[in-house]
Amino acid sequence: MITIDCKNALAIRDKLLVYVADKLEALPILKSEKILLTSIDDSQNIDKSLALSAIAEFLKSVNLSENFQVIPKGDDIKIEPLEGKEMKEKLAKLGEKKKELFFECTHCGFMTQYEVELRTHKLIHYI
Ligand SMILES: [Zn+2]
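The working numbering applies: residue 6 is where the sequence shown begins, and numbers increase by one.
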């Protein structure tokens, strides 16, 4: 089992989880700020170097490889942000993209990808 500590990289945690788990064909478990990766087939161990390269690939794919440091430590991998001016802007952009995809109900926080669905949903608040 490999642990990826995202305590200081929460903004990318969910996307990283999907990417790395898919790449390694591993089973991801989200445990507060950490991603635990176990192999689907219990007899096999997850190759740490593969995990590291998957993380590096992910960071590259979201154009953040210069903004995060990947620190291996035993079976743990820690992801630490490198302070920088561009960093906040990049993370904000990443957050924005996510928001664009979703319409949120102002009454209860219900989220959907479809505006029509939100409109239909909102009706329940006006009964
Ligand atoms: Zn609602």
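Beta carbons are placed, not taken as given, at the ideal position from N, Cα and C, and that holds for glycine.
Quick caveat: nothing in here was measured; it's all calculated off a predicted structure.
- Counting the other Cβ atoms within 10 Å of the Cβ of Leu35 gives fewer than 16, which makes it exposed.
- At least one heavy atom of ligand 1 is found less than 7 Å from the C-beta of Phe115.
- Secondary structure at Met92: helix, using DSSP grouped into helix, strand and coil.
- Under the three-state reduction of DSSP output, Lys12 falls in the coil class, being neither helix nor strand.
- Secondary structure of Phe108 (DSSP, three-state): strand.
- Pro86 is not a Cβ neighbour of Asn68, given a cutoff of 8 Å.
- For Cys11, the shortest separation between its Cβ and any heavy atom of ligand 1 does not lie below 7 Å.
- Remark: C-beta atoms of Ile51 and Ala26 do not approach each other more closely than 8 Å.
- Counting C-beta atoms within 10 angstroms of its own C-beta, Leu15 has fewer than 16 neighbours from the protein chains shown and is therefore classed as exposed.
- Per DSSP, the continuous beta strand (DSSP E) segment holding Phe73 begins and ends at 73-78.
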